[in-house]
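S.K.: Sharing a structure with you now.
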Amino acid sequence: MSARETALARLMPAAEPIRLARGKRPRPECAIRDILDRIGDKWSYLLIMTLAQRPHRFGELRRAIDDISQRMLTETLRSLQRDGLIERTVFPTTPPSVEYRLTERGRSLQEPMRGLIDWADAEMPAIKRSREAFDQTQQ
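Below you can see the structure in the form of structure tokens.
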């Protein structure tokens, strides 16, 4: 088993070892991949961190994350709600008012996500230097 396969097997335990042919992706039924696909995408990450501050209405979220389309915001909120990371509350007003907030499961993501943000913030200057050095070798 290669080092890559060993690392994947640790992240995604299965009944039998995961064997990847060159260029193949891990099995789609792998639970960890499904979860990481959800919380690791750009919009989910931004929405979770925005909702970590306080509950928001749809329009507030749209303004807080100004480059997200209304369609993408709606789809991402539905996916996060489906996964139990946020809850949606509809208030009986005219017009109806909708508020989104993190669930307990969603709040449990704050610490690991904050850790990744802190790491990225600390490492960004070194990453920029690495990118510049790499780009110089490619010219």
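My numbering puts the sequence shown at residues 124 to 262. For every residue, glycine included, the Cβ atom is placed at its ideal position computed from N, Cα and C.
Run the CB neighbour count on Gly229, radius 10 Å, all protein chains shown included, and call it buried at 16 or more, exposed below.
M.R.: Numbered from 1 along the sequence shown, position 106 holds the residue referred to as residue 229. The residue in question, Gly229, is buried, as its Cβ has 16 or more Cβ neighbours within 10 Å.
S.K.: Can you tell me whether DSSP reads Ile240 as helix, strand or coil?
M.R.: Translated into the one-based positions of the sequence shown, residue 240 becomes position 117. Reduced to three states, the DSSP call for Ile240 is helix.
S.K.: Hey, Ile171 and Met236 are a contact pair by Cβ (cut 8 angstroms); roughly how many whole angstroms apart?
M.R.: Along the sequence shown, read from residue 1 onward, the residue named residue 171 stands at position 48. Along the sequence shown, read from residue 1 onward, the residue named residue 236 stands at position 113. Correct: roughly 6 angstroms between the Cβ atoms.
S.K.: Quick one: grab the DSSP three-state call for Leu232.
M.R.: Within the sequence shown, numbered from 1, the residue matching residue 232 stands at position 109. Note: Leu232 maps to coil in three-state DSSP.
S.K.: Comparing C-alpha positions only, which one of His179, Arg185, Arg254 and Leu208 sits nearest to Ile158?
M.R.: Translated into positions along the sequence shown, residue 158 becomes position 35. Checked all of His179, Arg185, Arg254 and Leu208; the closest Cα to Ile158 is Leu208.
S.K.: Helix, strand or coil for Ile209? Go by DSSP, reduced to three states.
M.R.: Taking the sequence shown and counting its residues from 1, the one referred to as residue 209 is at position 86. Three-state DSSP puts Ile209 in a strand.
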